[in-house]
């Protein structure tokens, strides 16, 4: 997916937030913004917005010396999600159409994205968010694919959301599941450490994509990841970042996300803040 | 007031909006954003954010050939405000502390700023906004100054808000009032044409500041305006733009505005969306 003009102010706002997460020094914030503006001036050289965010976040890390600016935010979000874990399991267990609701639950985990939602009172809004239905849900296609599948690759998104994904993975017990995370810390996206802290090591094989962006950009992913990606019977891609980087990919993918910005909502043909479980077929490109 | 880092993404978002107001051509939007990014790269050369917005808006006008991109928006806002004019007069007439409420009413006109508030259902929210009180109100100082004043300069802000200012001016009948507007169209700020369309020609002398920015930048204002500015017994400055350009000015000013962004609210020491009527004395710089 190309870089949209609307993304330019948004990624600039985001890098300012990241710089403040990393340091309280105003001079460094200004330095980072100057570097970020140089990156933005060349936005046409980038494949998509996560590709830009990647370079901006590298600037934040390089200029501040802080390797994981969102560490505290991620720990907070994982902790909050783990507190909600029993509630999430109960929510799914009590539903008749359990596959639908476990997917919806995993999509709801995407509200943990503190890169966009500041000071979210997660526990209070969780019940409300969980009961909202999907605006697009290609459940039939997923059920059909599951009937003949053996192995599943889930490409993760934010830390905290990882705990929701654990409930999804536990629901899919019997399949060999690989869970892929970012290669390095980038905004509040989950890393290996965050995945293990979320309990995913107990129910899935965890690996990194090899890509430094907050979205799996194919030609920046490792050979190891691409092997798993290409061989998986089912790929479930989580969040907007992965949607932006994989929506023109030459294999079938299920995109599970909340449309948090107008650009993505428009591209999907849904209202802002809608939940989506969309099947992308190999033939759609 | 300096350019804040938070303003950089905001003015970039605003210029994209302006470019879409001017034309539906995506190629031109991209061209404008590229020019805007070049301006942003030099943000340290600018005195304040309105100074940046000025240059960006000049790019929009130059590249699209549209001299007043917000023309339709401004006409809509003036029309909506004129429809509310009887209600505004009644609101002020029914109040005991009429100076307080006529100031509050004029500050409330600032919600017409469609550069920030899209698709505002103005009439519905008006009553609610009008009754909110000021978070800062230096009314005593204004009353004292009025008691010995003869002439007043009001530096206007948005189109539509101009109609609210008319009610303020009518309340101040007996004083010689000059109303200053922007030199040329810039975002949705009022021009001479907008001021006349709002009925201000019937109750005030209307002039321009000479400055092309959405805020009166002293060293860019005309000699004519500076003469009026320096000689006025009272200067009432409306909106955030004028606050940003005049808050370090060497004369006493009453700032009448709604704090619409976190940066300005923080500078004023009020909550976001607070209404303010703040006295700035000559000695405060």
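Residue numbers (this note's numbering), protein chains in the order written: chain Z, 1 to 285; chain W, 1 to 285. Just so it is clear, CB atoms sit at the ideal spot from N, CA and C, and this is done for glycine as well.
Please return the same chain residues whose Cβ sits closer than 6 angstroms to the Cβ of residue 160 of chain Z, not counting the five positions on each side in sequence.
To locate residue 160 of chain Z, count along the first chain from 1; it is residue 160. Cβ neighbours of residue 160 of chain Z beyond the five flanking positions: 77, 78, 81, 112.
Run the CB neighbour count on residue 131 of chain Z, radius 10 Å, all protein chains shown included, and call it buried at 16 or more, exposed below.
Mapped onto the first chain, residue 131 of chain Z falls at position 131. Per the 10 Å Cβ criterion, exposed.
In terms of DSSP beta bridges, what is residue 277 of chain W paired with?
Residue numbering aside, residue 277 of chain W sits at position 277 when the second chain is read from its first letter. Bridge partners of residue 277 of chain W: W/137, W/256.
In three-state DSSP terms, what is residue 16 of chain W?
Counting from one through the second chain, the residue named residue 16 of chain W turns up at place 16. Helix.
Should residue 116 of chain W be flagged as near chain Z, meaning a C-beta pair shorter than 8 angstroms?
Taking the second chain and counting its residues from 1, one reaches residue 116 of chain W at position 116. For residue 116 of chain W, the pLDDT reaches just 41, beneath the cut-off of 50, and the residue's location in the model is therefore unreliable, although a value from the coordinates is still provided. Not closer than 8 angstroms to any Cβ of chain Z, the Cβ of residue 116 of chain W fails to qualify, so no.
Counting only C-beta atoms, is residue 57 of chain Z closer than 8 angstroms to chain W at any point?
On the first chain, position 57 is the one that residue 57 of chain Z refers to. No, because no Cβ of chain W sits closer than 8 angstroms to the Cβ of residue 57 of chain Z.
Using three-state DSSP, classify residue 151 of chain Z as helix, strand or coil.
Residue mapping note: residue 151 of chain Z aligns to position 151 of the first chain, counting from 1. Strand.
From the DSSP secondary-structure annotation, give me the bridge partner or partners of residue 219 of chain W.
Reading the second chain from its first residue, position 219 is the one you call residue 219 of chain W. Bridge partners of residue 219 of chain W: none, in fact.
So if DSSP puts residue 238 of chain Z in a beta bridge, which residue, or which two residues, is it bridged to?
Counting from one through the first chain, the residue named residue 238 of chain Z turns up at place 238. For residue 238 of chain Z, which the question treats as bridged, DSSP gives the partners Z/256.
Could you tell me the alpha carbon to alpha carbon distance between residue 214 of chain Z and residue 194 of chain Z, rounded to whole angstroms?
To locate residue 214 of chain Z, count along the first chain from 1; it is residue 214. To locate residue 194 of chain Z, count along the first chain from 1; it is residue 194. Approximately 14 angstroms between the Cα atoms of the pair.
Please report the Cβ distance between residue 259 of chain Z and residue 274 of chain Z, rounded to the nearest whole angstrom; I am assuming they are in contact, meaning their Cβ atoms lie under 8 angstroms.
Within the first chain, residue 259 of chain Z is the residue found at index 259, counting from 1. Within the first chain, residue 274 of chain Z is the residue found at index 274, counting from 1. At roughly 5 angstroms, the Cβ-Cβ gap stays under 8 angstroms, so residue 259 of chain Z and residue 274 of chain Z are in contact.
Indicate whether at least one CB of chain Z lies closer than 8 angstroms to the CB of residue 6 of chain W.
Position 6 of the second chain, counted from the start, is the residue given in the question as residue 6 of chain W. Judged by the 8 angstroms Cβ criterion, residue 6 of chain W is in contact with chain Z.
Taking C-beta to C-beta, are residue 158 of chain W and residue 239 of chain W nearer than 8 angstroms?
For this step, residue 158 of chain W is matched to residue 158 along the second chain. For this step, residue 239 of chain W is matched to residue 239 along the second chain. It is a contact, given that the beta carbons lie within the stated cut-off.
Grab me the residues of residue 101 of chain Z's own chain with a C-beta within less than 6 angstroms of its C-beta, minus the 5 sequence neighbours each way, in chain order.
The count along the first chain starts at 1 and reaches residue 101 of chain Z at position 101. Same-chain partners within the cutoff: 92, 95.
Give a yes or no on contact between the region 38 to 45 of chain W and the region 60 to 74 of chain W, applying the rule of three or more CB pairs nearer than 8 angstroms.
Counting Cβ pairs under 8 angstroms, fewer than three are found: no touch.
On the DSSP bridge assignment, give the partners of residue 176 of chain W in chain order.
For the purposes of this step, residue 176 of chain W is identified with residue 176 of the second chain, where counting begins at 1. W/151, per the DSSP bridge assignment.
Checking contacts by CB at 8 angstroms: is residue 1 of chain Z closer than that to chain W?
In the first chain, residue 1 of chain Z corresponds to position 1, counting from 1. No, no contact with chain W.
Closer than 8 angstroms by beta-carbon distance: list the chain Z residues that pair up with residue 29 of chain W, in chain order.
The count along the second chain starts at 1 and reaches residue 29 of chain W at position 29. The answer, in chain order, is 5.
Just confirm the distance between the C-beta atoms of residue 145 of chain W and residue 234 of chain W, as a whole number of angstroms; I'd bet it's less than 8 angstroms.
Position 145 of the second chain, counted from the first residue, corresponds to residue 145 of chain W. Position 234 of the second chain, counted from the first residue, corresponds to residue 234 of chain W. Between residue 234 of chain W and residue 145 of chain W the Cβ distance is about 5 angstroms, and since that is below 8 angstroms, they are a contact.
Should residue 12 of chain W be flagged as near chain Z, meaning a C-beta pair shorter than 8 angstroms?
Taking the second chain and counting its residues from 1, one reaches residue 12 of chain W at position 12. It does; some Cβ of chain Z falls within 8 angstroms.
Excluding the 5 residues preceding and the 5 following residue 182 of chain Z in the sequence, name in chain order all residues of the same chain whose CB lies nearer than 6 angstroms to its CB.
Stepping through the first chain from its first residue, residue 182 of chain Z is reached at position 182. Cβ within range, chain order: 189, 191.
Quick one: what does DSSP say residue 94 of chain W is sitting in, helix, strand or coil?
Taking the second chain and counting its residues from 1, one reaches residue 94 of chain W at position 94. Residue 94 of chain W: coil per DSSP, three-state reduction.
Do you know how far the Cα of residue 241 of chain Z is from the Cα of residue 140 of chain Z?
Within the first chain, numbered from 1, the residue matching residue 140 of chain Z stands at position 140. Within the first chain, numbered from 1, the residue matching residue 241 of chain Z stands at position 241. Cα to Cα, the separation comes out at about 25 angstroms.
Can you tell me where the beta strand (DSSP E) with residue 205 of chain Z in it begins and where it stops?
Mapped onto the first chain, residue 205 of chain Z falls at position 205. Unbroken beta strand (DSSP E) run through residue 205 of chain Z: 205 to 208.
Residue 5 of chain Z: buried (16+ other C-beta within 10 angstroms of its C-beta) or exposed?
Position 5 of the first chain, counted from the start, is the residue given in the question as residue 5 of chain Z. Residue 5 of chain Z is buried by the Cβ-count criterion.
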